[in-house]
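Residue numbers (the working numbering), protein chains in the order written: chain A, 5 to 252; chain B, 330 to 580.
Beta carbons: idealized from backbone N, C-alpha and C, even for Gly.
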Amino acid sequence: MNLPSASPLLQLDRVSRRLAGREIVREVSFSLNRGDVLGLLGVNGAGKSTTLAMIAGVLAPISGVVRVEGCDLHETPELARTRIGYLPENVPLWPELTVCEYLDACGRLRGMARAARKAAIERELLRLDLASMAHRLSGQLSLGQKRRVGLAQALLHDPDLLVLDEPGNGLDPVQTAQLRELIRGLSDQRATIISTHVLGEVEAMCDRVVILHEGQVRHDAPIATDRGALDRLFLAIAREYMVESAAI
Amino acid sequence: MSALAVARLDLKRLLVRPFAWTFAAIALAVLAWTFLLDLNTFLVAQPKLVANVSGPGFTDLVAVPQLLAYVQLCVLLAPLVTMHALAGERRAHTLPLLLAAGLPPTRLVLGKFFSALLFLWVLLMVIALMPLALAHTTTPDWGQFAAALFGCALCVAALTAIGIACSAFASHPALAAAGALLIALILASLDIGARASGVGIGWLAYLSLPTHLTPLLHGIVASVDVVYFLLLIVVALALAVRRVAAEKVRG
């Protein structure tokens with residue numbers, strides 16, 4: 005059991021973001037503690053990826069603050085380096101490097117020492133069942149394998165907060181089941197935030213859900229409270245989205 | 330440390346791609362050929378040159394033209410080597426990985442700059458070795474050769490910095506290469522008309538690359554020329570840093 009600290013591990017305080025003149029994220033607030041698995045649910049274009057990019061330190065909010073254990077992430081980018089592991093929607097791979105070389109480079113970028121890097125690479129290769137493809141070029145892997153390599157990169161420095169953007173995209177049912185099991189297994193020691201537009205994924209992996217729609221938080225509650233209500237709410241939002249899309 | 334990690338990563342990526350080796354091989358083959366042609370011309374002209382004690386020698390006729398030919402080739406080579414530096418990362422969706430690693434834009438840009446520069450400087454050294462291989466049979470002007478090598482190294486660094494800046498601003502590597510090539514050509518031929526007509530236009534001549542490279546090739550190291558190249562490098566890299574920093578804000 006994790007003891008609650010004075011400040012939550014992650015706190016978004018009225019965070020907003022504009023992209024190409026459009027407000028993508030509007031005053032989003034929520035917090036996350038160690039051991040939590042939060043599902044960020046929303047239809048396409050709801051602002052999930054932008055929110056996660058701000059949490060990972062890739063984008064800066066135009067207003068509001070992202071705090072990691074009380075510290076402003078954008079004033080102390082070192083936090084992103086040491087405390088946050090991020091897997092973007094498009095797996096960031098350098099196809100000309102082997103899996104081992106890629107993970108080694110990621111460890112170097114995060115400032116890990118040589119011995120720690122070596123141990124971490126071995127650990128993640130075993131954990132993600134990548135040992136057999138350690139010396140294969142990352143550009144030659146299947147989508148599922150690429151996602152696992154991306155996940156290994158995000159876990160390499162043993163982050164306190166794991167940020168996964170649509171990790172289940174393009175995976176077959178077996179890989180999806182493995183991923184769900186893996187994420188549940190990882191959540192004991194750290195906080196995890198997963199974005200998806202698949203309600204089933206959230207129900208299978210998360211213990212709390214935040215529904216985003218048009219950049220705003222429409223729902224924030226534990227999963228276990230009322231699954232039927234969650235289904236109905238998300239379907240209503242999805243219908244609203246379809247009506248808006250048809251009107252456009 | 331993180332700039333070193335970026336430089337190391339980029340150099341590794343550059344060296345595992347056939348692209349870099351192909352360009353290196355083509356550059357070396359072309360310059361080896363021009364070296365042999367220059368050497369032959371020098372050998373044919375040597376009986377006449379011996380008579381003139383203060384006339385041009387091996388350094389003026391073979392070694393320095395060899396270095397200059399490499400710099401001219403770098404007008405094309407530097408944009409090709411640097412075009413992927415940031416535009417390629419952006420296109421391959423790997424820039425978020427670098428930004429999420431908490432790398433300050435300065436270190437990211439410096440790492441990219443030094444990896445490309447190291448590659449081009451190693452080629453410069455290999456090319457400098459060609460005339461140096463004949464040093465024991467000739468009497469090179471070591472001072473002039475060192476000044477010319479220094480000038481060429483500075484000029485290559487400036488072309489690399491321009492390439493990195495273009496890569497930071499462009500959305501596609503090909504656009505970055507075209508932009509860097511255009512800027513390098515403009516800087517190389519800015520005062521060509523004025524020179525041809527024998528008219529000196531102060532500021533235009535100051536901005537022109539040959540104005541500052543030529544004295545160094547003749548063995549004259551003046552601080553004004555060194556400062557020009559350093560300014561060019563600093564301005565180009567500062568622009569690249571600003572653009573990468575804006576990436577977080579603009580998206």
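Could you confirm whether any beta carbon from chain A is found closer than 8 Å to the beta carbon of residue i?
i      : result
B/L426 : yes
B/V662 : The structure shown does not extend to residue 662 of chain B, since chain B is modelled only from 330 through 580, so no value can be given for it.
B/R346 : yes
B/K441 : no
B/H413 : no
B/L338 : yes
B/P581 : Outside the shown range of chain B, which is 330 to 580, sits residue 581 of chain B, and nothing can be said about it.
B/V404 : no
B/H422 : yes
B/A334 : yes
B/R571 : no
B/G578 : Gly is not the amino acid found at residue 578 of chain B; the sequence shown has Val there. True, the Cβ-Cβ gap to chain A drops below 8 Å.
B/P434 : no
B/R419 : no
B/L560 : no
B/S331 : yes
Taking only beta-carbon atoms, is residue i less than 8 Å away from chain B?
i      : result
A/G61  : yes
A/P81  : yes
A/M5   : Per-residue confidence for A/M5 stands at a pLDDT of 41, beneath the threshold of 50, marking its modelled position as unreliable; no derived number is given.
A/P8   : The pLDDT assigned to A/P8 is 45, lower than 50, so where the model puts this residue is not dependable, and the model offers no usable value.
A/A100 : The question names Ala, yet the displayed sequence has Glu at residue 100 of chain A. Yes, its Cβ sits closer than 8 Å to a Cβ of chain B.
A/D133 : no
A/N48  : no
A/P171 : no
A/A109 : yes
A/N37  : no
A/Y245 : no
A/A250 : no
Which chain D residues are close to residue i, counting only those with a beta carbon under 7 Å from its beta carbon?
i      : result
B/A430 : Absence of chain D from the displayed structure is noted, the protein chains being A and B.
Less than 8 Å between the beta carbons of residue i and residue j, yes or no?
i      : j      : result
A/L83  : B/K577 : no
A/R112 : B/L338 : yes
A/L262 : A/G89  : Within the shown structure, residues of chain A are numbered from 5 to 252, placing residue 262 of chain A beyond reach of any answer.
A/L239 : A/H223 : no
B/L424 : B/S331 : no
B/A392 : B/F442 : no
B/D520 : B/L533 : yes
A/E170 : A/T200 : yes
B/S537 : B/L561 : no
A/G61  : B/A429 : yes
A/A24  : A/L216 : no
A/R121 : A/D133 : no
B/G472 : B/L546 : no
A/I198 : A/G43  : yes
A/L45  : A/L203 : yes
B/A497 : B/R572 : yes
| request: Answer yes if the stretch 26 to 39 of chain A comes into contact with the stretch 94 to 104 of chain A, meaning at least three C-beta pairs across the two stretches below 8 Å, and no otherwise. | output: no
| field | Whole alpha helix (DSSP H) elements within the stretch 441 to 494 of chain B, 4-residue minimum | value | none
| Could you give the uninterrupted runs of the alpha helix (DSSP H) lying entirely in the stretch 493 to 524 of chain B, keeping only those of 4 residues or more? | 502 to 518
| query | If you scan the stretch 365 to 441 of chain B from start to end, which runs of the alpha helix (DSSP H) of 4 or more residues do you find wholly inside it? | reply | 393 to 411, 416 to 420, 424 to 429
| So, do the stretch 71 to 78 of chain A and the stretch 438 to 456 of chain B have three or more beta carbon pairs nearer to each other than 8 Å? | no
| query | Okay, do the stretch 394 to 413 of chain B and the stretch 485 to 495 of chain B touch, 3+ Cβ pairs below 8 Å being the bar? | reply | yes
| At which residue ranges does the stretch 64 to 145 of chain A contain complete alpha helix (DSSP H) runs of 4 or more residues, listed in the order of the chain? | 82 to 87, 103 to 113, 118 to 131
| Going along the stretch 193 to 205 of chain A in order, which residues come within less than 8 Å of chain B, judged by CB to CB distance? | none
| field | Inter-stretch contact at 8 Å, needing at least 3 Cβ pairs: the stretch 374 to 382 of chain B / the stretch 453 to 472 of chain B | value | no
| field | 4-residue-minimum alpha helix (DSSP H) runs that sit fully inside the stretch 185 to 237 of chain A, ordered along the chain | value | 203 to 209
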